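In my numbering, the protein residues as written are 19 to 90.
Dropping the structure here:
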């Protein structure tokens, strides 16, 4: 995670990895879905597109995103 963007890399078994750059200015929402079993999910809404991650420390990721987006 950079100061003004998120770089997401999706590993592939065959071929090159997919790399996506998401500018923080275009993020319209951050959602934390707490799971009772398994890892939590974090969802970023960018316009009509949603990006989802399964994160073991989702609360820390959401707090860092809010700090970078809103300066909180």
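Ideal Cβ positions, reconstructed from N, Cα and C, are used throughout, including at glycine.
On a predicted model such as this, the values are computed, not experimentally measured, just so you know.
Residue from the options whose Cα sits closest to the Cα of residue i
{"i": "residue 59", "options": "65, 50, 66", "result": "50"}
{"i": "residue 65", "options": "71, 41, 88", "result": "41"}
{"i": "residue 57", "options": "68, 72, 29", "result": "72"}
Distance between residue j and residue i (C-alpha atoms, nearest Å)
{"i": "residue 36", "j": "residue 53", "result": "27 Å"}
{"i": "residue 26", "j": "residue 44", "result": "15 Å"}
{"i": "residue 39", "j": "residue 24", "result": "6 Å"}
{"i": "residue 48", "j": "residue 33", "result": "31 Å"}
{"i": "residue 46", "j": "residue 77", "result": "18 Å"}
Cβ-based neighbour list, residue i, same chain, cut-off 7 Å, excluding 5 preceding and 5 following
{"i": "residue 22", "result": "41, 42"}
{"i": "residue 86", "result": "21, 42"}
Residue i, DSSP secondary structure in three states
{"i": "residue 38", "result": "strand"}
{"i": "residue 74", "result": "coil"}
{"i": "residue 68", "result": "strand"}
Opposing strand residues paired with residue i [DSSP bridges]
{"i": "residue 84", "result": "Per DSSP, none; premise fails for residue 84."}
{"i": "residue 61", "result": "49, 70"}
{"i": "residue 27", "result": "37"}
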